[in-house]
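Participant:
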Amino acid sequence: MKVVIEFYRTRAQDSAHAVVGREAVEVHDLDGAVEMARALAGALDMPQRPDALSIVDMTGRVLLSGAFDSFQCPDEEPPP
Numbered sequence: 027m028k029v030v031i032e033f034y035r036t037r038a039q040d041s042a043h044a045v046v047g048r049e050a051v052e053v054h055d056l057d058g059a060v061e062m063a064r065a066l067a068g069a070l071d072m073p074q075r076p077d078a079l080s081i082v083d084m085t086g087r088v089l090l091s092g093a094f095d096s097f098q099c100p101d102e103e104p105p106p
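Every number in the working numbering is 26 more than the matching position in the sequence shown, counting from 1.
1) Measure the alpha-carbon distance for T85 versus E52 and round it to whole angstroms.
2) By the three-class DSSP mapping on this structure, what secondary structure does R35 have?
3) List the residues that DSSP assigns as beta-bridge partners of H43.
4) Flag this pair as yes or no: are the beta carbons of D71 and V29 separated by less than 7 Å?
5) Is A93 buried or exposed, if buried means 16 or more other CB atoms sit within 10 Å of its CB?
6) Determine whether the beta carbon atoms of I31 and A65 lie at a separation below 7 Å.
Here it is, written out as structure tokens:
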């Protein structure tokens, strides 16, 4: 399935979102999309470290959204 992974920063005062990276990718399932998001977080040249992400299908339906650190494996270091 084709999905769009968006990385963004959230402003604490009003929960405003600023997209710092976006990539359309082909994956097999939602688990594959999460794995791809982890890989892209370290590979994309983003102006700031993202603190949240969302995974959206091609119809615009949000499949997953949340704080970026909740998608890290316990033994992984957060991206610089």
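Ideal placement from N, C-alpha and C gives every residue a C-beta, glycine not left out.
Facilitator: With the structure as the only source:
1) Taking the sequence shown and counting its residues from 1, one reaches residue 85 at position 59. Taking the sequence shown and counting its residues from 1, one reaches residue 52 at position 26. Between T85 and E52, the C-alpha separation is close to 14 Å.
2) For the purposes of this step, residue 35 is identified with residue 9 of the sequence shown, where counting begins at 1. Three-state result, R35: strand.
3) Taking the sequence shown and counting its residues from 1, the one referred to as residue 43 is at position 17. Looking at the DSSP assignment, H43 forms a beta bridge with T36.
4) Translated into the one-based positions of the sequence shown, residue 71 becomes position 45. Translated into the one-based positions of the sequence shown, residue 29 becomes position 3. Not a contact, by the Cβ cut-off of 7 Å.
5) What you label residue 93 is simply residue 67 of the sequence shown in a count that begins at 1. A93 counts as exposed, since fewer than 16 other C-beta atoms from the protein chains shown sit within 10 angstroms of its C-beta.
6) Within the sequence shown, residue 31 is the residue found at index 5, counting from 1. Within the sequence shown, residue 65 is the residue found at index 39, counting from 1. 7 Å or more divides the Cβ of I31 from the Cβ of A65.
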